[in-house]
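Add 6 to the 1-based position in the sequence shown for the working numbering, that's all there is to it.
Cβ coordinates follow ideal geometry from the N, Cα and C atoms, glycine included.
These numbers were taken from a predicted model, which means no experiment stands behind them.
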Amino acid sequence: MATISRFSRNQINRDNPIFSQIRSTIETNFYRNNVVKVNSIKEAYKLAKNSPGTIVTDMPVYKPEEIGLDEDAKILLSNDGGVTGRTAAARRIIGENNIDSAKYAEIIRDASYNTRYRKMLHAQSFIGLDKDFMVKAHLLIPEGFENILYNWMLNFQYITEEYIRMYKESMKLENEGDIYILSVPDWEDQDNPLGLSIFDPEHNCACILGMKYFGEHKKGTLTLAWGIANRNGYASCHGGLKRYNLNDNNKYTIGVFGLSGSGKSTITHEKHGGKYDIAILHDDAYVISTEDGSSIALEPSYFDKTQDYPLDSEANKYLITVQNCGATIDEDGKCVIVTEDIRNGNGRAIKSKLWADNRVDKVEEPVDAIAWLMKDPTLPPVLKITDPILAAVMGATLATKRSSAEKLADNVDKDALVIECYANPFRTYPLKDDYSKFKELFERRKIDCYIFNTGFFLDKKVPKEVTLNSLELIVEKKAKFKPWGNFSNIEFLEIDGFPVNMEDQNYIHRLNSSIDYRIEFLKSNEYGRDNLPEETLKVLYNMKEELNKK
């Protein structure tokens, strides 16, 4: 699925659906005479290594030649400043209510004008690692922010002859232009102290202003790629997916969906002590075809937290770059990183594709199961949803808690329960698109649906061992689910230490409140862009009726 980079002259007019005011404002910057193209990952490494403030550690990159770098490449460390997470409050989506396209086009024009005396660096990459879904993306960023550019090229698929050939074999999308992103990380505006990330998703472009955190650039690019996928027959997935290659040529594929910190990477990369032959697609970004159920990874590498990996952890062998971590000198006089979020929250690193020795870029086999990862304390550790409408609704009302990956506004309670539809805060299209696609997967493709509570059940933490052991039972078809109270379409897995007492009226009251929370969320969107069909409210009202049946 190739996007369009060039146009015949008779296509360059206001009737072409690829063009818009915002897109033209952003793309025009790429052709100015102060723009220099960065043509290879080796060139990007050298620029980042020599960028002011970069820490060139004495830690070598593992097998650098296999990821396009020179044999003497070192792990590079860069730090941003006060903000070390994504800032959702700064997002502006063109096409949403009360968003003035002309106003933001003017802001982008001014930001562009003010970079005319600066050298600007232009990088390219592919998003999607199989010819059935590949789009081209461009990033333009000022000199001085080479580490962001290098991380961006590493995170996605930088241009190589192999991927150019693959891209040429992919089907051209008639009304999808390349992705264009303009970034000015040191932009300042007193009316927007948190910065601005302006998206025109229908026209595959974005402008990221005043935001140094690399995650804004990663998720900003994925935001646009997921939008393209949504318009072209794919369900867009913020989660992990793995395939268990079992005996007698049986296979079991499961996707897990959750926010950062929900356990999606832990579950995806878990090898279960070598009990299974496992293939990993990715732990953060992929798409599922609604036509045949196959899945495609969007990124080759991993943008992982460093909080759980002390310096001597084996996983650190696969680091390529590190962001927002400390540095110190070891006993041999070598400069090394300080992880475990000692310096600040949400330390991050890009790990190479080699971290997962069982990595694949496409899973041809249809997905067998989807698990919503939640942190709703009223939910038992493991549930199975047997109704496709309720399965899709529980994804649309996925209840969780915020993580250190986000920079929250001062008035936001980080411990409050929140709903993040399908665990994807980066969706820019109507919610009904995701709802219909996931419902179709559950209904037509007969995919199983589970909920894993990876937070607390009531006042008791659900340890990861409980989640992983339960997953093994599901994969081996040994999980014995029991009816959950009076619910006709929800079952629970009985787990030692986590009794489910449906006679406890205090618990029933809390569970009622949890369902009401979801009902109120759907009702709050009744007349907006994210309105869902009437059946979604109906199935939740039915839940309440069954729960309170005497």
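For C211, the pairing in a beta bridge is given by DSSP as Y186 and D206. Only residues of its own chain outside the window of five on either side were considered, and among them I73, L75, A79, K80, I81, L325, I326 and S358 have a CB closer than 8 Å to the CB of V67, listed in chain order. Contact fails between the region 96–114 and the region 129–138, because fewer than three Cβ pairs, one in each stretch, are under 8 Å apart. Residue pairing for T406: DSSP places it in a beta bridge opposite V424. Within the model, the alpha-carbon separation for S268 versus T296 is close to 26 Å. Straight-line measurement puts the Cα of K218 at about 39 Å from the Cα of N16.
G226: member of the alpha helix (DSSP H) spanning F220 to R237, first to last residue. Assigned with DSSP and collapsed to three states, I480 falls in helix.
Collapsing the DSSP output to three states places N157 in a helix. K224 is the residue among D116, K224 and R171 whose C-alpha sits nearest the C-alpha of A143. Counting only the Cα atoms, R12 lies some 12 Å from F25. Taking 3 residues as the minimum length, the beta strand (DSSP E) runs contained wholly in the region 28–107 are 41–43, 61–66, 80–84 and 97–99, in order along the chain. Counting the other CB atoms within 10 Å of its CB gives K483 a total below 16, which places it among the exposed residues. Counting only unbroken stretches of 3 or more residues, the beta strand (DSSP E) elements lying wholly within the region 288–331 are 291–295, 301–303, 308–311 and 325–329, in sequence order. The region 181–194 makes no contact with the region 349–366, as fewer than three CB pairs between them are under 8 Å. Boundaries for S131: no alpha helix (DSSP H) harbours it, while the beta strand (DSSP E) harbouring it runs M126 to D136, taken from the DSSP string. Taking the CA atoms as reference points, Y282 sits about 7 Å from N251. Taking the Cβ atoms as the reference, N495 lies roughly 6 Å from I391, within the contact range of under 8 Å. Fewer than three pairs of CB atoms, one per stretch, sit closer than 8 Å, so the region 144–156 makes no contact with the region 253–263. When C-alpha distances from G201 are compared across I335, R92 and R29, the shortest belongs to R92. P148 is bridged by DSSP to M126. Here the C-alpha atom of G264 lies approximately 29 Å from the C-alpha atom of D510.
Of the residues assessed, I170 falls on the exposed side of the cut-off, its CB having fewer than 16 other CB atoms within 10 angstroms. Short of 7 Å from the beta carbon of K488, and not among the five residues preceding or following it, lie these beta carbons of its own chain, in chain order: E497, F498 and E500.
The shortest CA-to-CA distance from N35 to any of I425, Y513 and A111 is the one to A111. Per DSSP, the unbroken alpha helix (DSSP H) holding H515 starts and ends at Q511 to S530.
The beta carbon of G245 sits closer than 7 Å to those of G261, V262, F263, G264, K270 and A429, all from its chain and outside the five residues before and after it, given in chain order. Per the C-alpha coordinates, the member of L379, I32 and V89 positioned closest to P199 is V89. Following the DSSP letters along the chain, one finds Y173 inside the alpha helix (DSSP H) bounded by residues E167 to E175.
Judged by DSSP secondary structure, E497 falls within the beta strand (DSSP E) whose first and last residues are I496 to L499. Judged by DSSP secondary structure, T542 falls within the alpha helix (DSSP H) whose first and last residues are E540 to L553. Taken atom to atom, the span from the alpha-carbon of E526 to that of T542 is near 12 Å. Assignment of Y282 by DSSP, reduced to helix, strand and coil, places it in the coil class.
The continuous beta strand (DSSP E) containing S242 extends over residues Y240 to N251. Using a Cβ distance threshold of 8 Å, A291 and Y173 do not count as a contacting pair. In this structure, DSSP gives N537 a state outside helix and strand, which the three-state scheme calls coil.
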